[in-house]
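Peer 1: Going by the numbering used here, the first residue of the sequence shown is number 542, and it counts up by one from there. Note that CB positions come from ideal geometry on N, CA and C, so glycine has one too. This structure is a prediction, so every number in the text was calculated from the model and none was measured.
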Amino acid sequence: MNFTKRHLKILVFKCSLYFFIYYLLFKLVYIILKLSLKWNFKCFFMKCVNMGLKVRLYPDGDMMIKINQNIGNSRFTWNKLLEYYKETYKLFKFHGYSKLKCNMTTFNAMLNMLKKEHDFLYLSESSSLQQVYRDLIQAYNKFFNGESDYPRFKSKKHDKKAFRIQNNGNIKIKPHTIILPKLGEVYYRTSKKYREKLKKVKINNVTIKIENGKYYAVFNIKNEIPKFPKTKQFVGIDLGMRTLATLDNGLKIANLDVTYEENMIKKY
């Protein structure tokens, strides 16, 4: 009787131990899957690179007015923020204060003041105006680091006609149309390959621009490409005129024929 009870206790203990181990393994797999959805663990096996994808837009009359309004608002915001910062910097210097901080807090406060003075800025998507001062901060940082000249005011005639919208889950891609915040639904045209790609990839932001009277959307997307194994081998490459390149092992790479791509660009 004692022998049976002893073995029964051992059996119960083993079953409890196995159950506890399987429970821990299940929890570990659950946590890994949850983190993979949050952090995208594909990047450990795939190389994640940002790339641009440009499509042609076909807006109607009302949409053109909205796009032109957003472009004008972005240019107006840039010029006003640049003016505010210059004047505030002079006041700081006149009263003996240290250099005015060039950061998002400073420019966000200026943008809020600007919106209160000019109601038409509320017609723009909020992230597009925030992107303006991010670009302005970057321009100032390049100036402070000696990489470029002092930021200048933008001209309606000479500067690029564009504005950028950050994707906060409010940019929707359909088979033939794009839904943009504050703008609405607009028809677009591109190749079938890129249309399918836009549905699958993560869109960081989209830049709406006008070039030669035509409307375009340039998507900044996160593209995943497989990582190639490191071979630790070297090759010499000689670029030429008749052939694109000649390798030191005798392999010749012919010049690329981009006639089809050029025709497709003109078409779209």
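Comparing C-alpha positions only, which one of LYS588, PHE769, LYS640, VAL673 sits nearest to ARG616?
Peer 2: Reading the sequence shown from its first residue, position 75 is the one you call residue 616. The shortest C-alpha separation from ARG616 is found at VAL673.
Peer 1: If we count the other Cβ atoms within 10 Å of its Cβ and call it buried at 16 or more, is ASN804 buried or exposed?
Peer 2: The sequence position of residue 804 within the sequence shown is 263, counting from 1. Burial call: exposed.
Peer 1: Starting from the C-beta of SER668, find all residues in its chain whose C-beta is less than 7 Å away, skip the five residues before and the five after it, and write them out in chain order.
Peer 2: Counting from 1 along the sequence shown, the entry for residue 668 is found at position 127. Taken in chain order, the residues that qualify are ILE706, GLN707, ASN709.
Peer 1: Can you tell me whether MET542 is buried or exposed, with buried defined as 16 or more other CB within 10 angstroms of its CB?
Peer 2: Sequence index remark: in the sequence shown, residue 542 carries index 1 (1-based). Annotation note: pLDDT 46 at MET542 (below 50); position unreliable, coordinate value reported separately. Answer is exposed; the Cβ neighbour count stays below 16.
Peer 1: Between the beta-carbon of ASN790 and the beta-carbon of LYS763, is there less than 9 Å?
Peer 2: Counting from one through the sequence shown, the residue named residue 790 turns up at place 249. Counting from one through the sequence shown, the residue named residue 763 turns up at place 222. Going by C-beta atoms, ASN790 is not nearer than 9 Å to LYS763.
Peer 1: What residue does the alpha helix (DSSP H) around LYS621 start on, and which one ends it?
Peer 2: The sequence position of residue 621 within the sequence shown is 80, counting from 1. It spans 602-635 - the alpha helix (DSSP H) in which LYS621 sits, taken as one unbroken run.
Peer 1: Indicate the three-state DSSP secondary structure (helix, strand or coil) for MET654 in the structure shown.
Peer 2: Counted from its first residue, the sequence shown places residue 654 at position 113. Three-state result, MET654: helix.
Peer 1: If contacts are defined as beta-carbon pairs under 8 Å, then PHE760 and LEU594 qualify, I think. What distance do you get, rounded to the angstrom?
Peer 2: If you number the sequence shown from 1, residue 760 lands on position 219. If you number the sequence shown from 1, residue 594 lands on position 53. Contact holds; Cβ gap of about 5 Å.
Peer 1: Counting only the same chain and skipping the five closest in sequence on each side, list residues whose C-beta sits under 6 Å from that of ALA680.
Peer 2: Reading the sequence shown from its first residue, position 139 is the one you call residue 680. For ALA680, where only same-chain residues beyond five positions count, the Cβ hits under 6 Å are PRO692.
Peer 1: Using 10 angstroms around the beta-carbon of MET654, count the other beta-carbons present and answer buried if the total reaches 16, otherwise exposed.
Peer 2: Residue mapping note: residue 654 aligns to position 113 of the sequence shown, counting from 1. The residue is exposed, with fewer than 16 neighbouring Cβ atoms inside 10 Å.
Peer 1: If you count every other CB in all the chains shown that lies within 10 Å of the CB of LEU721, and 16 or more means buried, which is it?
Peer 2: Residue 721 sits at position 180 when you count from the first residue of the sequence shown. LEU721 comes out buried.
Peer 1: Per DSSP, which residues does MET597 bridge with? Please list them.
Peer 2: In the sequence shown, the residue the question calls residue 597 occupies position 56. A small correction: the amino acid at residue 597 is Arg; Met does not occupy that position in the sequence shown. Answer is ARG730, TYR757, bridged to ARG597.
Peer 1: Please classify PHE775 as buried or exposed, where buried requires at least 16 neighbouring CB atoms within 10 angstroms.
Peer 2: Taking the first residue of the sequence shown as 1, we reach residue 775 at position 234. The residue is exposed, with fewer than 16 neighbouring Cβ atoms inside 10 Å.
Peer 1: How is PHE826 classed by DSSP in three states: helix, strand or coil?
Peer 2: No answer is possible for residue 826: the residues shown for the chain start at 542 and end at 809.
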